[in-house]
Every structure is written in structure tokens, then in C-alpha cells.
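Heads up: the structure comes next, in C-alpha cells.
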Amino acid sequence: MSPVSRGFRRRRLPDAEPGRVPPGQYVTGDFPVLSAGPTPRTALQNWTFSITGGGEPRSWTWEQFRALPAEPVTADIHCVTRWSKLDTRWEGVSIDTLLDQVEHHAGFALAHSDGGYTTNLPLQDVTGGRAWVAFGYDGEPLEPEHGGPARLLVPHLYFWKSAKWVRSLELLDADEPGFWETYGYHMYGDPWLEQRYAGD
Amino acid sequence: MAGTALRGRLTWQIAMVDTVTDETARVRTIVLDVPQWPGHRAGQHLDVRLTAEDGYRAERSYSIASAPGEPVAITVERLDDGEVSPYLTQELRAGDELELRGPIGGYFVWEPEDDGPLMLVAGGSGIVPLRAMLRHRQRSGSAIPARLLYSSRTLPDVIYQSELSRYADGVEVTCTLTRQQPPGWTGRAGRVDAKLLSEVCWPAAVSPLAYVCGPTSFVEAAAAGLVGLGYPPHRVKTERFGATGGR
Amino acid sequence: MQALDGNAIGGLLIDVFGTEMTTVTGTCAGCGTSSQVAEFAVYRQAPGTVVRCRSCSSILMVFVQVRGMTCVDLRGLASLG
Numbered sequence: 001m002s003p004v005s006r007g008f009r010r011r012r013l014p015d016a017e018p019g020r021v022p023p024g025q026y027v028t029g030d031f032p033v034l035s036a037g038p039t040p041r042t043a044l045q046n047w048t049f050s051i052t053g054g055g056e057p058r059s060w061t062w063e064q065f066r067a068l069p070a071e072p073v074t075a076d077i078h079c080v081t082r083w084s085k086l087d088t089r090w091e092g093v094s095i096d097t098l099l100d101q102v103e104h105h106a107g108f109a110l111a112h113s114d115g116g117y118t119t120n121l122p123l124q125d126v127t128g129g130r131a132w133v134a135f136g137y138d139g140e141p142l143e144p145e146h147g148g149p150a151r152l153l154v155p156h157l158y159f160w161k162s163a164k165w166v167r168s169l170e171l172l173d174a175d176e177p178g179f180w181e182t183y184g185y186h187m188y189g190d191p192w193l194e195q196r197y198a199g200d
Numbered sequence: 001m002a003g004t005a006l007r008g009r010l011t012w013q014i015a016m017v018d019t020v021t022d023e024t025a026r027v028r029t030i031v032l033d034v035p036q037w038p039g040h041r042a043g044q045h046l047d048v049r050l051t052a053e054d055g056y057r058a059e060r061s062y063s064i065a066s067a068p069g070e071p072v073a074i075t076v077e078r079l080d081d082g083e084v085s086p087y088l089t090q091e092l093r094a095g096d097e098l099e100l101r102g103p104i105g106g107y108f109v110w111e112p113e114d115d116g117p118l119m120l121v122a123g124g125s126g127i128v129p130l131r132a133m134l135r136h137r138q139r140s141g142s143a144i145p146a147r148l149l150y151s152s153r154t155l156p157d158v159i160y161q162s163e164l165s166r167y168a169d170g171v172e173v174t175c176t177l178t179r180q181q182p183p184g185w186t187g188r189a190g191r192v193d194a195k196l197l198s199e200v201c202w203p204a205a206v207s208p209l210a211y212v213c214g215p216t217s218f219v220e221a222a223a224a225g226l227v228g229l230g231y232p233p234h235r236v237k238t239e240r241f242g243a244t245g246g247r
Numbered sequence: 001m002q003a004l005d006g007n008a009i010g011g012l013l014i015d016v017f018g019t020e021m022t023t024v025t026g027t028c029a030g031c032g033t034s035s036q037v038a039e040f041a042v043y044r045q046a047p048g049t050v051v052r053c054r055s056c057s058s059i060l061m062v063f064v065q066v067r068g069m070t071c072v073d074l075r076g077l078a079s080l081g
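Protein chains in written order, with my numbering: chain A, 1 to 200; chain B, 1 to 247; chain C, 1 to 81.
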């Protein structure tokens with residue numbers, strides 16, 4: 001039984017409106033950089049985004065991607081390591097826009113990123129205006145450390161689902177665990193239900 | 001849990017804070033009374049674990065600042081957005097308990113029996129394990145020649161400043177200040193680069209053994225610089241400190 | 001953020017292997033490079049700890065702690081020790 005360390009407490013949660021921050025989270029003013037590997041540096045002329053597993057694979061070059069209608073997004077984001085950042089401002093292409101160009105009957109998706117990272121999501125969680133491929137943050141092009149040139153943005157789930165350096169969405173009939181999910185993180189990841197780990 | 005049968009050094013134990021001493025405005029040395037301490041080697045670290053009243057736990061690693069045979073001490077730098085370092089450098093006081101385990105580490109360690117003139121290169125709080133090595137060298141009566149190149153932002157940021165300035169026999173200390181130098185400063189200025197390394201470090205020809213410690217970007221640049229001077233990579237030992245948790 | 005090195009997981013490795021591991025030699029299954037565990041690149045701030053080869057960046061080891069249990073994946077190592 002560990003002794004209590006006199007006078008030690010966790011980071012203080014600043015006063016947010018009740019119900020604004022999911023359980024177990026603290027609000028930060030920073031934007032911590034969490035990574036499982038070196039920052040990929042794909043040149044824009046080599047960058048493509050693809051959707052595979054549907055009728056025909058569909059791929060966009062950077063120019064084609066940036067020619068698609070994009071929109072501003074303001075969202076709170078919640079990292080499983082317990083920090084939350086409120087009112088973050090992004091710019092991105094809605095995944096609805098991208099999926100509209102693909103015939104499919106899939107129920108699930110596996111996002112693939114440069115460097116080999118993967119994460120899985122139900123298709124209904126990346127459609128209906130709930131997810132984007134984001135290329136801008138805070139009015140600037142998304143920095144490599146934060147996932148640039150483009151990352152997935154799915155703010156209603158824990159932020160490990162918002163795959164940095166995303167390059168493709170693979171459409172699947174069944175849910176398949178991605179990188180962290182394989183090691184015991186939750187397949188879905190709803191921060192409001194504190195679904196951090198499998199079985200939560 | 002596997003491992004509980006192992007002796008004290010591999011399991012958590014409760015230490016008492018003996019004294020706290022401010023080294024600089026942001027850095028404090030904590031001397032500990034560790035009842036089951038098995039002894040340590042110069043360069044090793046220990047893990048500290050704090051538990052809040054609500055059961056919340058935080059764990060961090062800190063290099064041991066004292067030499068083998070001296071009371072266990074750690075030197076902690078307060079990070080602005082830290083969770084543990086503000087507590088250790090501002091709240092913790094003599095008589096408090098601290099949960100720790102150690103010593104840990106078999107790679108970044110130095111003994112007087114190790115071959116070669118000693119080349120120590122420190123960035124910021126990376127000085128801590130190297131200071132333990134210098135104290136160990138002194139206490140053991142070793143005649144191995146040693147050089148220390150220590151990079152800090154400003155003079156008030158130099159940890160152990162008066163202790164380092166008192167080394168004489170066989171220890172040459174060079175401090176470089178990267179942001180600001182005081183009037184009349186006779187030390188070095190600017191970041192550690194190839195030029196400074198070539199002027200200050202042991203030449204490769206004398207087969208030095210180098211230890212480089214500090215933030216990752218500092219360590220990578222300094223270690224690459226030493227290899228560029230001809231140090232064989234296996235003679236350049238590195239320990240990188242992270243922005244979170246002192247390690 | 002840049003990587004730390006194997007020194008940073010000294011305690012974790014003792015928990016997992018029951019002994020000091022930082023001086024043990026590991027060989028990357030990806031590129032065959034061998035080095036001491038202390039020299040591997042370690043990424044600690046993500047949901048788990050990922051250890052990579054400095055030469056080719058392949059993942060060597062992954063440690064994830066969930067509910068007091070540590071999941072250990074060493075498949076990226078051709079050999080350890």
C-alpha cells in the first residue's frame with residue numbers, strides 16, 4: 001500500500017462548464033505532441049489519399065484533394081492520456097465528401113498512416129459530418145509534428161482515432177483492431193463513456 | 001507479481017527526505033534516507049512514485065546526483081508544465097516520505113576501472129549523472145584525467161556551479177553559456193558544435209570514454225560531433241532526457 | 001518530439017524481464033542492426049511505449065500497460081540477449 005505523498009495532487013482541472021470535459025480528463029492550453037515514432041516527411045508531390053475496399057479504389061493527389069470542398073471545424077479533442085483541448089480550430093475535407101465518390105457497402109474502416117500506424121472506426125462514425133481529413137490547424141497548414149500534411153480528425157472519439165499522417169481508409173465488412181486496439185485499447189473509444197481500454 | 005522475491009533494489013520502498021537544497025532558481029537537490037538502499041553506481045537513476053489522496057499516481061525517473069557511498073540524492077529541475085517536478089522542487093520538505101525504487105541502469109555508468117580519459121558532455125540537467133561520476137572519481141582517488149563540457153543557458157542556470165569550479169587535479173571544466181553571458185565572462189559562449197568540441201574535448205587519439213547527457217536534441221548533436229572527431233561510436237555513451245518527467 | 005533511449009525504460013524493463021536489460025544486445029528483425037537496448041529509440045508519450053531501431057525505424061518492442069497488466073510485443077526483435 002503506497003503512502004500518500006503529502007501535498008501532492010494531480011494537475012488541477014481549470015474551471016470548465018460542468019459537462020464540458022469528459023470524465024478523467026484535464027484541460028490543457030498546450031497541444032502536446034504524442035508520437036509512437038519519427039515524424040514522417042512525405043513531400044506533397046508524392047502524397048496521395050486513397051479509399052480502398054469499395055467498388056473501385058479511389059485516390060486523390062494533393063492538388064485533387066485540395067480542390068475538394070473544405071470546411072472549418074471547431075471541436076474539443078480528448079486524448080486517452082487524459083488531456084483535453086477545447087475549441088481547437090481545423091480545416092479539412094469531410095469524409096462524407098470523399099466517400100461520396102466511392103461505391104461501398106462497408107460497415108467499418110481501417111485508417112492507414114505513413115509509418116505504419118493504423119486505427120479502426122465504424123463507418124457511421126466517419127460519416128454524417130463527424131469526421132474529416134484535416135490539413136489546416138489554427139489557421140495554418142497542419143505541422144508535421146501534429147500530423148501534417150493531413151490527418152484524420154474524428155473529435156467525438158479519443159484522439160488516437162484521429163490518425164496522424166493518414167494516407168488511406170480501407171473499407172471493411174468487419175471491425176478489425178488497429179495498432180493500439182491490438183494491444184488492448186478500446187475498439188470504439190467514446191471519451192464520454194471513458195472507453196479507454198478493451199472491456200471498458 | 002513476479003519479481004517481489006527480489007531484493008530491495010528492484011522493488012518500491014519508502015525513503016525519507018533528509019534535506020532539500022536549491023541549486024538554482026528552478027533546480028533543487030533532495031537528499032534521501034533510504035533504509036534498504038543496496039548501493040549504486042555513478043550514472044544510475046532511480047524511479048520516484050507519488051500518490052495523491054485520491055489514489056492518483058505519477059511516476060518519474062531521476063538521475064542519482066551522489067557518488068557511490070554517499071547518501072542517495074537526486075537533483076530535480078522544475079518544468080513549467082510539469083506535474084511532479086513542481087511538487088518535488090517546491091512542496092516536498094525534510095521529513096516527508098517518498099516512494100522510490102532503484103538503482104536502475106547498467107549502460108550509462110562509469111567506474112574508475114574503465115579505460116581511457118573521461119570525457120563528459122552535459123546539456124542542462126544532463127549534468128546530474130555526470131556530477132555523480134566526477135564525485136565518484138574524486139572519492140575513489142582515481143587519477144584518470146577528466147574533462148567536462150557543460151552547456152547551460154545562462155550563468156544562474158549552471159547547476160553545482162561552485163562545486164564544479166573547485167575541481168583541480170586532473171579535472172578540466174569548461175562551461176558554455178548559450179543565451180547570455182555575464183560581463184567579464186571568461187568561459188565559452190554559444191551552443192556545443194563541432195568547433196567547440198574540437199577545441200575542448202580530448203582528441204580521439206587518446207582513446208577517451210565519453211558520456212553525453214541532456215535533452216535529446218543536445219545529445220544527438222554532441223554525440224554526432226564526438227563521432228565526427230573520431231570517437232568510435234561504442235566509446236560515446238548517451239542518455240537522453242525528455243521534456244516530461246526529467247527523463 | 002524526438003525519441004529518448006532505452007535508459008528511459010530501465011525500470012519498465014526490470015518489471016517485464018525481472019532484471020537489468022539496458023546493456024543487453026538486441027537485433028532488429030527488419031534490418032539486422034544490433035545494438036544495446038540503451039541505444040534503441042524510445043517513444044514514451046503515446047498510449048504505450050514503442051521502441052524502434054535507430055537505423056531503420058522498425059518497431060522492435062511495444063509495451064502497453066492496461067489495468068495493471070503489461071502487454072509486451074517483442075516481435076520486431078530477431079534476438080535479444
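From the three backbone atoms N, C-alpha and C, an ideal C-beta is built for every residue, glycine too.
These figures come from a predicted structure and were not determined experimentally.
Residues, ordered as in the chain, of the segment 41-63 of chain C that lie near chain A by beta-carbon distance below 7 Å: Y43, Q45, A46, P47, G48, V50, R52, S57, V62
Quick check on B:R49: does DSSP put it in helix, strand or coil? To locate residue 49 of chain B, count along the second sequence from 1; it is residue 49. Correct three-state label for B:R49: strand.
* Check each candidate in B:P129, B:A122, B:R147 and name the one with the smallest Cα separation from B:G116. => By 1-based counting over the second sequence, the position of residue 116 of chain B is 116. When each option's Cα is compared against that of B:G116, the closest is B:R147.
Looking only at its chain, what residues have a beta carbon closer than 6 Å to the beta carbon of B:P145, apart from the 5 residues adjacent to it on each side? Here the question's residue 145 of chain B lines up with position 145 in the second sequence. Same-chain partners within the cutoff: P117, G170.
Q | Per-residue DSSP class, three states only, for B:A5 | A | Sequence index remark: in the second sequence, residue 5 of chain B carries index 5 (1-based). Any reading at B:A5 must be qualified, since the residue scores a pLDDT of 39, below 50, and its modelled position is unreliable; the value itself is stated next. Three-state result, B:A5: coil.
Margin query: Considering just the uninterrupted stretch of the alpha helix (DSSP H) at B:V200, what are its terminal residues?
Written below: Your numbering for residue 200 of chain B matches position 200 in the second sequence. Segment 194-200, the alpha helix (DSSP H) holding B:V200.
| message | What does the Cβ neighbour count give for B:T89, buried or exposed, with the cut at 16 atoms within 10 Å? | response | Reading the second sequence from its first residue, position 89 is the one you call residue 89 of chain B. When all chains shown are included, B:T89 counts as buried.
Problem - beta strand (DSSP E) runs contained entirely in the segment 114-143 of chain B, provided each spans 3 or more residues - result: 118-123
#### Entry: Rounded separation between C:I14 and B:H136 - CA only
Position 14 of the third sequence, counted from the start, is the residue given in the question as residue 14 of chain C. Position 136 of the second sequence, counted from the start, is the residue given in the question as residue 136 of chain B. Between C:I14 and B:H136, the C-alpha separation is close to 25 Å.
Subject >> DSSP three-state assignment for A:R66, whether helix, strand or coil >> reply: Looking up residue 66 of chain A in the first sequence gives position 66. A:R66 falls in the helix class under three-state DSSP.
Contacting residues, own chain, Cβ-Cβ under 7 Å from A:R11 (five flanking each side not counted) = Your numbering for residue 11 of chain A matches position 11 in the first sequence. Excluding sequence neighbours, A:R11 sits near Y26.
message = Within a Cβ cutoff of 6 Å, which residues of the same chain sit near A:H104, ignoring the five residues on either side of it in sequence?
response = Within the first sequence, numbered from 1, the residue matching residue 104 of chain A stands at position 104. Excluding sequence neighbours, A:H104 sits near G54, L171.
Taking all protein chains shown into account, decide if A:A174 is buried (16 or more other Cβ within 10 angstroms of its Cβ) or exposed. The residue labelled residue 174 of chain A in the question sits at position 174 within the first sequence. Exposed.
In chain A, which residues lie less than 9 Å from C:R67 when you measure between Cβ atoms? Here residue 67 of chain C refers to the residue found at position 67 of the third sequence. Going along chain A in sequence order, the residues near C:R67 (Cβ under 9 Å) are G184, Y197, G199.
What separation, rounded to the nearest whole angstrom, lies between the Cα atoms of B:T75 and B:S63? Taking the first residue of the second sequence as position 1, residue 75 of chain B is located at position 75. Taking the first residue of the second sequence as position 1, residue 63 of chain B is located at position 63. Each residue's Cα considered, the two are about 7 Å apart.
Hey, how far is the Cα of A:T52 from the Cα of B:V200? On the first sequence, residue 52 of chain A is found 52 positions in, with the first residue counted as 1. On the second sequence, residue 200 of chain B is found 200 positions in, with the first residue counted as 1. Looking at the two C-alpha atoms, the distance is approximately 57 Å.
Between B:V20, B:V236, B:H40, B:D96, which lies nearest to B:G132 when the distance is taken from Cα to Cα?
Here residue 132 of chain B corresponds to residue number 132 of the second sequence, with the count starting at 1. It should be pointed out that residue 132 of chain B corresponds to Ala in this sequence rather than to Gly. For the residues B:V20, B:V236, B:H40, B:D96, the minimum Cα distance to B:A132 belongs to B:H40.
Legend entry - Where A:A64 falls, given that 16 or more other Cβ within 10 Å makes a residue buried: By 1-based counting over the first sequence, the position of residue 64 of chain A is 64. Looking at the sequence provided, one finds Gln at residue 64 of chain A rather than Ala. Classification of A:Q64: exposed, given that the 10 Å Cβ count is below 16.
### Task
Measure from the C-beta of B:Y70 to each C-beta in chain A and report whether the shortest distance is under 8 Å.
To locate residue 70 of chain B, count along the second sequence from 1; it is residue 70. According to the sequence displayed, residue 70 of chain B carries Glu and not Tyr. No - not a single Cβ of chain A is within 8 Å of the one on B:E70.
*Listing by chain order, which chain A residues have their CB less than 8 Å from the CB of C:D73?*
The residue given as residue 73 of chain C occupies position 73 in the third sequence. The answer, in chain order, is Y183.
*Hey, how far is the Cα of B:G242 from the Cα of C:V16?*
Within the second sequence, residue 242 of chain B is the residue found at index 242, counting from 1. Within the third sequence, residue 16 of chain C is the residue found at index 16, counting from 1. Distance between the alpha carbons of B:G242 and C:V16: 22 Å.
Exercise for review: Please classify A:R9: does DSSP put it in a helix, a strand, or coil?
Suggested key: Locating residue 9 of chain A in the first sequence gives position 9, counting from the first residue. If DSSP states are grouped into helix, strand and coil, A:R9 belongs with coil.
Discussion item. Would B:G242 pass as an interface residue toward chain A - the criterion being a Cβ-Cβ separation below 8 Å?
Written reply: As a working mapping, residue 242 of chain B is identified with position 242 in the second sequence. Not an interface residue.
*Could you tell me if B:M119 is buried or exposed, where buried requires 16 or more neighbouring beta carbons within 10 angstroms of its beta carbon?*
To locate residue 119 of chain B, count along the second sequence from 1; it is residue 119. It counts as buried.
- Item | Alpha-carbon spacing of A:W180 relative to B:R166, whole angstroms | Here residue 180 of chain A refers to the residue found at position 180 of the first sequence. Here residue 166 of chain B refers to the residue found at position 166 of the second sequence. Each residue's alpha carbon lies about 52 Å from the other.
- Message: Using 8 Å as the threshold, is the C-beta distance between B:A65 and B:V20 below it?
- Response: Here residue 65 of chain B refers to the residue found at position 65 when the second sequence is read from its first residue. Here residue 20 of chain B refers to the residue found at position 20 when the second sequence is read from its first residue. Not closer than 8 Å, so no.
Can at least three beta-carbon pairs, one atom from the segment 16-25 of chain A and one from the segment 72-83 of chain A, be found at a separation below 8 Å? yes
Would you say B:G102 and B:L46 are within 8 Å of each other, going by their C-beta atoms?
Within the second sequence, residue 102 of chain B is the residue found at index 102, counting from 1. Within the second sequence, residue 46 of chain B is the residue found at index 46, counting from 1. Yes, the Cβ-Cβ distance between B:G102 and B:L46 is below 8 Å.
field: C-beta contact flag for A:Y158 and A:P191 at 8 Å
entry: Position 158 of the first sequence, counted from the first residue, corresponds to residue 158 of chain A. Position 191 of the first sequence, counted from the first residue, corresponds to residue 191 of chain A. Yes.
Quiz item: In chain order, which continuous runs of the alpha helix (DSSP H) of length 4 or greater are located wholly inside the segment 104-185 of chain A?
Solution: 179-182
Check your understanding: Where does A:H78 sit, in a helix, a strand or coil, going by DSSP?
Key -> Here residue 78 of chain A refers to the residue found at position 78 of the first sequence. Strand.
Exercise. How many angstroms separate the CA atom of A:D125 from the CA atom of A:A109?
Worked result: Reading the first sequence from its first residue, position 125 is the one you call residue 125 of chain A. Reading the first sequence from its first residue, position 109 is the one you call residue 109 of chain A. For A:D125 and A:A109, the distance between alpha carbons rounds to 10 Å.
To which residues does DSSP link A:F49 through a beta bridge?
-> Within the first sequence, numbered from 1, the residue matching residue 49 of chain A stands at position 49. According to DSSP, A:F49 bridges with A:W60.
Would you tell me roughly how many angstroms separate the C-alpha atoms of B:D54 and B:T29, rounded to the nearest one?
Position 54 of the second sequence, counted from the first residue, corresponds to residue 54 of chain B. Position 29 of the second sequence, counted from the first residue, corresponds to residue 29 of chain B. The alpha-carbon atoms of B:D54 and B:T29 are separated by roughly 28 Å.
At what residues does the alpha helix (DSSP H) containing C:F63 begin and finish? The residue you call residue 63 of chain C lines up with position 63 of the third sequence. Counting along the chain, C:F63 falls outside any alpha helix (DSSP H), though it belongs to the beta strand (DSSP E) covering 59-66.
Exercise. Listed from N- to C-terminal order along the chain, which residues in the segment 34-61 of chain A have their beta-carbon within a distance smaller than 7 Å of any beta-carbon of chain C?
Worked result: L34, S35, A36, G37, P38
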